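Trainee: In the working numbering, the protein residues as written are 412 to 534. Even for Gly, the Cβ is constructed at its ideal location relative to N, Cα and C. Since we're looking at a predicted model, the values are computed, not measured.
1) Give the DSSP bridge partners of residue 522, in chain order.
2) I need the DSSP call for residue 476, collapsed to helix, strand or coil.
3) For residue 529, which residues of its own chain have a beta-carbon under 7 Å away from its beta-carbon, when the five flanking residues on both sides are left out?
4) Return yes when the Cβ of residue 477 is within less than 9 Å of the Cβ of residue 513, no when it is not.
5) In the DSSP assignment, what are the bridge partners of residue 515?
6) Quick check on this structure: which residue in 494, 491, 480 and 503 has the alpha carbon closest to the alpha carbon of residue 461?
7) Please name the residue, chosen from 507, 496, 480 and 482, that lies closest to residue 469 on a Cα-to-Cα basis.
8) Taking DSSP as the reference, what is the three-state secondary structure of residue 449?
9) Are residue 517 and residue 490 close, meaning C-beta to C-beta below 9 Å?
10) Terminal residues of the continuous alpha helix (DSSP H) containing residue 462?
11) What residue does the alpha helix (DSSP H) around residue 510 start on, and which one ends it?
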């Protein structure tokens, strides 16, 4: 009798573990939320973003298009001067204007939690 109870307990544990480990189907509401977030983030330009990230003193950055506006965000190393930030912002403003003719452009450069450059172009 005791042996029978042990076997039943083991089978119960195994069936509980395998039953709980099955993947649930994707929630359509969650998928819609992910799609909305993707639209808010915009379409990244991978080539221009990679070029930006390879620049000296750039810690991070991204060039992307969202709702007809092309945005360049650049995060630079601590201690970056305003002059260096302005020059880099101007360089990427010009490159974005070439790659996205007729689009509005905004390029921002931040370092040390300070906005060092904020350039806009409206065609």
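Mentor: Here's the rundown:
1) Bridge partners of residue 522: 525.
2) The DSSP-derived three-state label of residue 476 is strand.
3) The beta carbon of residue 529 sits closer than 7 Å to the beta carbons of 519 from its chain, once the five residues preceding and following it are set aside; these are given in chain order.
4) No, Cβ-Cβ distance for residue 513 and residue 477 is not below 9 Å.
5) Residue 515 pairs with 480.
6) Closest by alpha carbon: 503.
7) Checked all of 507, 496, 480 and 482; the closest Cα to residue 469 is 496.
8) With a pLDDT of only 48 at residue 449, under 50, the local geometry of the prediction cannot be trusted, and the value read off the model is given with reservation. Helix, per DSSP.
9) No, the pair does not count as a contact, with Cβ atoms beyond the cut-off.
10) Run containing residue 462: 457-464, per the alpha helix (DSSP H) assignment.
11) 493-510 is the span of the alpha helix (DSSP H), which, as asked, contains residue 510.
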